[in-house]
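Below is one structure, written out as structure tokens; comments come after it.
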Amino acid sequence: MGAGHLLNPPTQCKTPRLMLSFSSSSLAFFTREETLEVLKMMVIRRASGVAVEALTNDEEVELRSKIEALGLEVTKVPSSSTRHLDELEIAKELDKLSMKLDDVDEMISSAIASDPHVQSLLSGTADIWMPVITASADERRNFAGPTGEGDARESEKAPM
């Protein structure tokens, strides 16, 4: 089984319901499958920092803080709104999110530019993370992953 099979990315965050923190009470808003996928992504995010530290034999405090900031940014619990947003307000909110993503992109780019080990790690693992961040919601649902029941169904389909 390849490394890609260990990755079962979360559903694309298009609704505020999916943009939750990783506290146990927030995970209650996810389905069982979504919860497992979110937890897998957390493990991958943490493992990336550990891998860089192992390659450099240095504690990567700056990279660790950037990864943590990224995790906090993408998992913020949105404030509950009792009013409905019109198209202009939605566009403004999307612009704000877009600016935040630009900031995250800048943090990642500066980490890559300042440390060749980070660039090497990201390049070496691109076959795992690139499909995750470029996939549509439908493609993400079709990713294979060891979930137990899905494996049994796939093994029944496989020719012997």
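The numbering used here applies: residue 62 is where the sequence shown begins, and numbers increase by one.
Glycine is no exception: its CB is placed at the ideal position from the N, C-alpha and C atoms.
Less than 8 Å between the CB atoms is what I'm expecting for residue i and residue j, so what's the real figure, rounded?
i: Ile-173; j: Leu-183; result: 7 Å
i: Val-179; j: Val-113; result: 6 Å
Please classify residue i: is it buried, with 16 or more other beta-carbons within 10 angstroms of its beta-carbon, or exposed?
i: Met-191; result: exposed
i: Ser-109; result: buried
i: Ile-128; result: buried
i: Met-102; result: buried
i: Leu-146; result: exposed
i: Leu-124; result: buried
i: Glu-98; result: buried
For the alpha helix (DSSP H) that contains residue i, what are its first and last residues?
i: Ala-196; result: Unbroken run through Ala-196: none, as it is neither H nor E.
i: Leu-182; result: 177–185
If you reduce the DSSP assignment to three classes, tell me which class residue i lands in.
i: Ala-162; result: It is worth fixing the name first, because residue 162 is Leu in this sequence and not Ala. It is helical.
i: Asp-156; result: helix
i: Leu-146; result: coil
i: Asp-188; result: helix
i: Ala-219; result: Caution applies to Ala-219, whose pLDDT of 46 falls short of 50 and renders its modelled position unreliable; the model cannot decide the point.
Out of the options, which one is the CA nearest neighbour of residue i?
i: Leu-133; options: Glu-98, Arg-106, Ala-152, His-145; result: Arg-106
i: Ala-239; options: Leu-149, Leu-155, Met-168, Glu-154; result: Given a span of 62 to 221 for the chain in the structure shown, any question on residue 239 remains unanswerable.
i: Ser-126; options: Gly-185, Arg-201, Val-165; result: Val-165
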